[in-house]
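A short write-up of the structure that comes next.
Numbering (full-length UniProt numbering), first residue to last: 1 to 419.
Given below as structure tokens:
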């Protein structure tokens, strides 16, 4: 189980070699003679079979966090601030890192599925569970000591204390990420996207119902919002896991395997690179659509590479980028047109509405540029280093400069605009 040959086989798969046909050419060579419009149409259909449910499932999953903030916003300004900070700072960093680490499965599972090595999908997912669970344990201090950490960052005493309390209550949510993200990518690589979408819809409806029950009926306040998030995300885990182990994936799930414990270090390195790359660029709700294209592109490219079609992989990337840019332009236009109404979902405070209105132009261009950047983030180890330099050096310094020029909020948001 722990043999050197198994590790070498894993390394070869992780490097994603281009397989050649029997006549020394890629399988995609025959597509060159097809009409370009037809090729785009066929590839778009394949892409949207993945992207459509992926966008829906990601929007519904992240909407749970947004709905929680909306419920908290009607409790009071302090509760809204506490939930917002807990979601965007503590859970946000955690969410981005673990989501990025799980994204390694898009390449590995997608390629294994394309090469018809079905049993390896279950092994890869179990390896991801192990790696992400250990990562969750290492990240526990971020939740346990959230209050002093937020005070160190300059948050007001009352906001930091309540945010710290909420963060501790969200520890079950934290551990749900370790299982939910790999499960989602495991199913997505097999094109079982409608299963993911239906489970996500059920979880969202449960979340709204339980939020109303705990916050308004039982009067649990901000504690109720945190408990609701925990419950709803574990509904996602149970739904996807139940489908997987109860016969929904007979070829790819053959039970728990000791082979999952082999090659863990190599898997951790690949996952960590993906995690750093993504957590540096995850800004919020508006990133769910680009991330869905990122995931779908990863699956399509990996499937084509696994089947030995290098040109098909390249063409899938081009179609995905073009489609994502068009959608980015649509949302850019919507934000520009309704810039003064964006914050009504969360609050009726005039001060907050005016502040959001001032940031709307930068937000619009951030959404537009982010419709391209995540999709082309494919070389994890190198791109991770680029993201660290860009986020921690260039954007951070630029935000400080703009903040000192009396553009504090604009400076903070400007640092999120990708380069």
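Cβ coordinates follow ideal geometry from the N, Cα and C atoms, glycine included.
Query, Result
"Coarse secondary structure for residue 219, derived from DSSP in three states", "coil"
"Cβ distance (whole Å) where residue 180 is taken to contact residue 54 below 8 Å", "That belief does not hold up - the Cβ atoms of residue 180 and residue 54 are roughly 14 Å apart, past 8 Å."
"Proximity of residue 93 and residue 252 at Cβ, strictly below 9 Å", "no"
"Any non-hydrogen atom of the ligand ATP closer than 8 Å to residue 131 Cβ", "Of the ligands one can find in the structure shown there are none, so the ligand ATP has no counterpart to examine."
"Residue 230 vs residue 141 beta-carbon contact at 9 Å", "no"
"Residue 224 versus residue 218: straight-line alpha-carbon distance, rounded", "8 Å"
"Closest residue to residue 195 among 357, 153 and 50 (Cα-Cα distance)", "50"
"Local conformation of residue 255 per DSSP, three classes", "coil"
"Alpha carbon of residue 156 to alpha carbon of residue 333, nearest angstrom", "36 Å"
"Status (buried if at least 16 other CB within 10 Å, exposed otherwise) for residue 85", "buried"
"As assigned by DSSP and simplified to three states, the class of residue 156", "coil"
"Distance, residue 319 Cα to residue 312 Cα", "11 Å"
"Cα-Cα separation, residue 335 to residue 300", "30 Å"
"Contact the segment 134-148 vs the segment 104-124: 3+ CB pairs below 8 Å", "no"
"Straight-line gap, residue 190 to residue 47 (C-alpha atoms, nearest Å)", "13 Å"
"Reduced DSSP category for residue 414 - H, G, I as helix; E, B as strand; rest coil", "Confidence is the limiting factor: at residue 414 the pLDDT is only 46, short of 50, which leaves the residue's position unreliable and the question unanswerable from this model."
"Backbone CA spacing between residue 420 and residue 216 [nearest angstrom]", "The structure shown does not extend to residue 420, since the chain is modelled only from 1 through 419, so no value can be given for it."
"Among 258, 75 and 344, nearest to residue 357 - alpha-carbon criterion", "344"
"Contact check, residue 61 vs residue 236, beta carbons under 9 Å", "yes"
"Buried or exposed by the 16-neighbour rule on C-beta atoms within 10 Å, applied to residue 73", "buried"
"Cβ neighbour criterion (16 or more within 10 Å) applied to residue 185", "buried"
"Straight-line Cα distance separating residue 99 from residue 271", "10 Å"
"Nonlocal neighbours in the same chain, by C-beta distance under 7 Å from residue 159, ignoring five residues either side", "78, 81, 82 and 85"
"Of the listed residues 136, 56, 71 and 355, nearest to residue 95 (C-alpha basis)", "136"
"Proximity of residue 163 and residue 146 at Cβ, strictly below 9 Å", "yes"
"Contact set for residue 331: own chain, Cβ-Cβ below 6 Å, skip 5 residues either direction", "367"
"Under the three-state DSSP convention, the category residue 69 falls into", "helix"
"Exposed unless 16 or more other CB atoms sit within 10 angstroms - verdict on residue 110", "buried"
"CA-to-CA distance, residue 64 to residue 240, given in whole angstroms", "17 Å"
"Buried or exposed (CB count within 10 angstroms, at least 16 for buried), residue 182", "buried"
"Residue from 201, 328, 316 and 119 whose Cα sits closest to the Cα of residue 42", "316"
"Straight-line gap, residue 341 to residue 360 (C-alpha atoms, nearest Å)", "10 Å"
"Span separating the alpha-carbon of residue 329 from that of residue 372", "11 Å"
"Distance, residue 59 Cα to residue 202 Cα", "13 Å"
"Minimum C-alpha distance to residue 193 - residue among 350, 338, 39 and 57", "57"
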